[in-house]
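Enquirer:
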Amino acid sequence: MNTDSINTYVVNEFATNDEIQAMSMDIDEAIERLGYGRFQKDILLAAGLCFAADAMEVLLLSFLSIVLKAEWGLTDYQENTVISIVFAGAAIGTLILSPLADIIGRKIIFGVTAATISVFGILTAFCATYEWLLFARFMVGFGVGGLTVPFDTLAEFVPNSQRGANLLEIEYFWTAGTISVPVVAWLTLGDSAYFESWQLFVLICSLPCVASAVTAVLLVPESPRWLVAKGSHAEALRILRGAAARNGLDPFEVYPNGTKILELNQARESVCDLFSAKWLKITLLLWTVWGFLAILYYGVIIAVTIVFSSQVEIQDDNSQEASYYFDFGAIFISASAEIVGLLMAMFTIDQAGRIKTQTFSYLLGGSSCLLLLLVASINGPRSVLLVFAFTSRMAMMGASCTTWVSTSEILSTDIRASGHGTANGMARLAGSVTPYIINDKASLNVIGLFIFSISVLTAATAWHLPETAGQAMGGVHGTRRNEAKLGKIESHNQSSAATAPYQTMQ
Numbered sequence: 097m098n099t100d101s102i103n104t105y106v107v108n109e110f111a112t113n114d115e116i117q118a119m120s121m122d123i124d125e126a127i128e129r130l131g132y133g134r135f136q137k138d139i140l141l142a143a144g145l146c147f148a149a150d151a152m153e154v155l156l157l158s159f160l161s162i163v164l165k166a167e168w169g170l171t172d173y174q175e176n177t178v179i180s181i182v183f184a185g186a187a188i189g190t191l192i193l194s195p196l197a198d199i200i201g202r203k204i205i206f207g208v209t210a211a212t213i214s215v216f217g218i219l220t221a222f223c224a225t226y227e228w229l230l231f232a233r234f235m236v237g238f239g240v241g242g243l244t245v246p247f248d249t250l251a252e253f254v255p256n257s258q259r260g261a262n263l264l265e266i267e268y269f270w271t272a273g274t275i276s277v278p279v280v281a282w283l284t285l286g287d288s289a290y291f292e293s294w295q296l297f298v299l300i301c302s303l304p305c306v307a308s309a310v311t312a313v314l315l316v317p318e319s320p321r322w323l324v325a326k327g328s329h330a331e332a333l334r335i336l337r338g339a340a341a342r343n344g345l346d347p348f349e350v351y352p353n354g355t356k357i358l359e360l361n362q363a364r365e366s367v368c369d370l371f372s373a374k375w376l377k378i379t380l381l382l383w384t385v386w387g388f389l390a391i392l393y394y395g396v397i398i399a400v401t402i403v404f405s406s407q408v409e410i411q412d413d414n415s416q417e418a419s420y421y422f423d424f425g426a427i428f429i430s431a432s433a434e435i436v437g438l439l440m441a442m443f444t445i446d447q448a449g450r451i452k453t454q455t456f457s458y459l460l461g462g463s464s465c466l467l468l469l470l471v472a473s474i475n476g477p478r479s480v481l482l483v484f485a486f487t488s489r490m491a492m493m494g495a496s497c498t499t500w501v502s503t504s505e506i507l508s509t510d511i512r513a514s515g516h517g518t519a520n521g522m523a524r525l526a527g528s529v530t531p532y533i534i535n536d537k538a539s540l541n542v543i544g545l546f547i548f549s550i551s552v553l554t555a556a557t558a559w560h561l562p563e564t565a566g567q568a569m570g571g572v573h574g575t576r577r578n579e580a581k582l583g584k585i586e587s588h589n590q591s592s593a594a595t596a597p598y599q600t601m602q
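Following my numbering, the numbering of the sequence shown begins with 97 at its first residue and continues without gaps.
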């Protein structure tokens, strides 16, 4: 069922009063009744393809910058700028697109995000000059800046009782993207010193972008949480009924005629409230964690690439042409560690909680990267390097995806896209300077100590975030149901017997 059929699901006007019991429920209860089924998996597909597109469009730069340095004769500064310009675009994009998602809706910005990455990802392959390349990559970054919107859209459709592990499923798409990049690089770049196929490399990496744009249009409706927050209760109910039908439920059994969807008892908030007394501490903590997250995640990726690609470059310093060798096997193995990191997070996110999972993972990733670079600095054995590279990538993946889930859960509906987006903006700003700090000209020991220090600071900051496991979305400040409105309508017969049919759909 596509968006049009969901939004135009016809309400049965002929049901009799004997068949219908009027009822009211808040939006959390309404989402809970959907369970988790094909409808959420459709949105997972659309949002996941956006994640895969982001992963590939950003991580391809670790190969593309080296290739273009050799082919176009770029300076070290220009090479680093090819990477950082994407993060600069993302920082600006998130500050524009995320607040717009709170104002005009999730669906429109979801589509804009996917389309922007798609169009300019393809155009990158046709850039003939350095300046046009920077413009195309900046615009890719601008689209990437809206990536929190697809994630938050998915989060707003998942029942509170099933949120943790199910939200982490989106990270499989990210991991698929990260693993695909070295595979595509091996197929299109190989060991050639001339890099004649970098355009094909870029085009193949843009395919998930195109798929994400198409699925965003076809599969993703507006968020009922956002609609209820804006007062569009009837529209929210129509979408929920269509979602119930998609999940194989009887929509008029789940939401009988006369059902009223009520919003939670929360004061209206805007992006400015991120700096209010209520949210300021959390805002600053999130910004700090996200800024450090970017340095750690992308810093580890750059460091691993340096360790497994620098040997031939050093040997060829006296040659007329620059020549680079990538140890694709080692890079692929380390990238595949993200699968293990994701599984680790899925196992611990509900058992140990969001905060403990983040804290431990950041510390493990930072210490493993330090050991990787210390061993690499003394030309240690490849097998040992692989172990530490694998562990560092695994831990950083587990930490970062848990931070994504935690952030979306902490913030209320009115400021979720803005708050998540501005935190992501801090990450992109930090990411834009990372290539100038962590690069092949810096000492491996210094890079290792830097990453380890940042990991300690990140873990300490994340420890002070509120735990959200088992809580309603945005409920860290004690959100309560609007009992005055539910009052006489809500009765004891809407208990476990009423909700029993609405469990997870397989």
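Virtual Cβ for every residue (Gly too), placed ideally from N, Cα, C.
1. Suppose the cutoff is 7 Å on Cβ atoms and the five residues either side in sequence are ignored; what does the same chain contact list for E83 look like?
2. My output table needs one value for S302: the three-state DSSP class, helix, strand or coil.
3. With DSSP collapsed to three states, give me the class of S180.
4. How would you call H628, buried or exposed, if buried means at least 16 neighbouring beta carbons within 10 angstroms?
5. If you draw a straight line from the alpha carbon of I200 to that of S319, how long is it in whole angstroms?
6. Output the distance between the C-alpha atoms of L470 and L540, rounded to the nearest integer angstrom.
7. Could you round the C-beta distance between G241 and T190 to whole angstroms and report it? I think they count as a contact, below 8 Å.
8. For the beta strand (DSSP E) containing M121, list its first residue and its last residue.
9. Look at the Cβ atom of L345, then the Cβ atom of T554, and state whether they are nearer than 8 Å.
10. Between G169, R337, Q174, V529, which lies nearest to N353 when the distance is taken from Cα to Cα?
11. Per DSSP, what kind of secondary structure is L285 in: helix, strand or coil?
12. Can the beta-carbon of F216 be found closer than 8 Å to that of V236?
13. Where G521 and E349 are concerned, what is the direct C-alpha to C-alpha distance, given to the nearest angstrom?
14. Provide the residue(s) that pair with I397 in DSSP beta bridges, ordered along the chain.
15. Under the rule that 16 or more other beta-carbon atoms within 10 Å means buried, what is F486, buried or exposed?
16. What are the boundary residues of the alpha helix (DSSP H) that includes I429?
17. If you draw a straight line from the alpha carbon of V154 to that of L376, how long is it in whole angstroms?
18. If you run the structure through DSSP and keep just helix, strand and coil, what is L380?
19. For A593 and P347, I'd like the C-alpha separation in whole angstroms.
20. If we ignore side chains and look at the alpha-carbon of each, how far apart do K137 and A441 end up?
21. State the beta-bridge partners of K91 as determined by DSSP.
22. Whole angstroms is fine: what's the gap from A340's alpha carbon to S504's?
23. Residue range of the alpha helix (DSSP H) that W322 falls in?
24. Fully enclosed by the segment 257 to 282, which alpha helix (DSSP H) runs are 4 residues long or longer?
25. Quick one: give me the first and last residue of the alpha helix (DSSP H) that A373 is part of.
26. Going straight from the alpha carbon of W168 to that of I398, what length do you get?
27. Check each candidate in P531, A556, I427 and name the one with the smallest Cα separation from L459.
Expert: Well, looking at it:
1. Residue 83 lies beyond the range of the chain shown here (97 to 602); nothing can be said about it.
2. When secondary structure is reduced to three states using DSSP, S302 falls in the coil class, being assigned neither helix nor strand.
3. When secondary structure is reduced to three states using DSSP, S180 falls in the helix class.
4. Since the first residue shown for the chain is 97 and the last is 602, residue 628 is missing from the structure and cannot be characterised.
5. Looking at the two C-alpha atoms, the distance is approximately 11 Å.
6. It is roughly 7 Å from the alpha-carbon of L470 to the alpha-carbon of L540.
7. 4 Å between Cβ atoms; contact.
8. Note, M121: beta strand (DSSP E), 120 to 122.
9. It is not a contact, given that the beta carbons lie outside the stated cut-off.
10. Looking only at G169, R337, Q174, V529, the smallest Cα-Cα distance to N353 is reached by R337.
11. Three-state DSSP puts L285 in coil, outside helix and strand.
12. Cβ atoms of F216 and V236: closer than 8 Å.
13. Spanning the two alpha carbons is a distance of roughly 43 Å.
14. Beta-bridge pairing by DSSP links I397 to no other residue.
15. Residue burial is scored here from C-beta neighbours: F486 has at least 16 other C-beta atoms within 10 angstroms and is therefore classed as buried.
16. Counting along the chain, the alpha helix (DSSP H) containing I429 begins and ends at 424 to 444.
17. Just so you know, the alpha carbons of V154 and L376 end up roughly 31 Å apart.
18. Reduced to three states, the DSSP call for L380 is helix.
19. Unreliable positioning characterises A593 in this predicted model, as indicated by a pLDDT of 36, which lies under 50. The coordinate reading is nonetheless provided below. One C-alpha to the other measures close to 17 Å.
20. Here the alpha carbon of K137 sits roughly 20 Å from the alpha carbon of A441.
21. No answer is possible for residue 91: the residues shown for the chain start at 97 and end at 602.
22. Pairing A340 with S504, the inter-Cα distance amounts to about 24 Å.
23. Here the alpha helix (DSSP H) through W322 covers 320 to 325.
24. Within the segment 257 to 282, the complete alpha helix (DSSP H) segments at least 4 residues long are 259 to 264, listed from N- to C-terminus.
25. From DSSP, A373 is part of no alpha helix (DSSP H); its letter is neither H nor E.
26. Each residue's alpha carbon lies about 21 Å from the other.
27. A556 is the residue among P531, A556, I427 whose C-alpha sits nearest the C-alpha of L459.
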